């Protein structure tokens with residue numbers, strides 16, 4: 023496993039996750055998510071950037087590690103496909119458990135959030151795949 027590629031892939035994916043998350047959650051799908059998750063507004067707080075940065079770095083590292091260590095994903099297209107799939111499955115799994123134990127989400131919210139995060143993860147996955155394959159010997 024190439025440590026330099028792991029670091030660069032993580033940084034590239036972080037940019038995709040952070041910017042994609044901002045775009046998708048606060049602009050593109052803001053109203054749709056608010057109506058699919060009606061009780062979420064009551065528990066929201068002012069965003070803590072250091073926590074968001076940490077979470078996006080961890081998500082990016084996970085995807086980069088999977089791509090580099092086990093899946094040998096080295097292209098933009100393959101990174102987008104599998105990044106989106108992994109993001110969707112993780113989000114639907116986690117959101118289903120939240121839906122089963124709280125009143126924060128509806129089933130529609132679970133799947134809408136899964137789709138939104140799949141898009142974000144596809145963006146990050148594309149950047150990671152490209153970075154891992156760039157000038158690889």
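Residue numbers (the numbering used here): 23 to 159.
For every residue, glycine included, the Cβ atom is placed at its ideal position computed from N, Cα and C.
Please read these numbers as outputs of a predicted model, since none were measured by experiment.
Range of the contiguous alpha helix (DSSP H) that encloses residue i
i: residue 72; result: 71-87
i: residue 129; result: 129-155
i: residue 62; result: Per DSSP, residue 62 belongs to no alpha helix (DSSP H) and is neither H nor E.
i: residue 50; result: Unbroken run through residue 50: none, as it is neither H nor E.
i: residue 119; result: 98-123
Residue from the options whose Cα sits closest to the Cα of residue i
i: residue 9; options: 34, 153, 25; result: Only positions 23 to 159 of the chain appear in the structure, and residue 9 is not among them; the question remains open.
i: residue 43; options: 141, 159, 158; result: 141
i: residue 174; options: 29, 27, 46; result: The requested residue 174 is not part of the displayed model; the chain covers only 23 to 159.
i: residue 89; options: 124, 158, 28; result: 28
Nonlocal neighbours in the same chain, by C-beta distance under 8 Å from residue i, ignoring five residues either side
i: residue 40; result: 74, 75, 78
Rounded separation between residue i and residue j - CA only
i: residue 149; j: residue 61; result: 34 Å
i: residue 86; j: residue 33; result: 9 Å
i: residue 104; j: residue 64; result: 34 Å
i: residue 49; j: residue 138; result: 12 Å
i: residue 71; j: residue 36; result: 13 Å
i: residue 24; j: residue 84; result: 15 Å
i: residue 126; j: residue 31; result: 34 Å
i: residue 98; j: residue 118; result: 30 Å
i: residue 128; j: residue 120; result: 10 Å
i: residue 55; j: residue 80; result: 24 Å
i: residue 123; j: residue 156; result: 44 Å
i: residue 116; j: residue 26; result: 31 Å
i: residue 69; j: residue 147; result: 24 Å
Rounded distance between the beta-carbons of residue j and residue i, thought under 8 Å
i: residue 106; j: residue 82; result: Contact doesn't hold; Cβ gap of about 14 Å is too wide.
i: residue 131; j: residue 113; result: In fact, because the Cβ distance is near 11 Å, the residues do not count as touching under 8 Å.
i: residue 151; j: residue 101; result: 2 Å
i: residue 111; j: residue 58; result: That belief does not hold up - the Cβ atoms of residue 111 and residue 58 are roughly 19 Å apart, past 8 Å.
Cut-off 7 Å between Cβ atoms - residues of its own chain near residue i, not counting five sequence neighbours on either side
i: residue 93; result: 104
i: residue 158; result: 96
i: residue 91; result: 23
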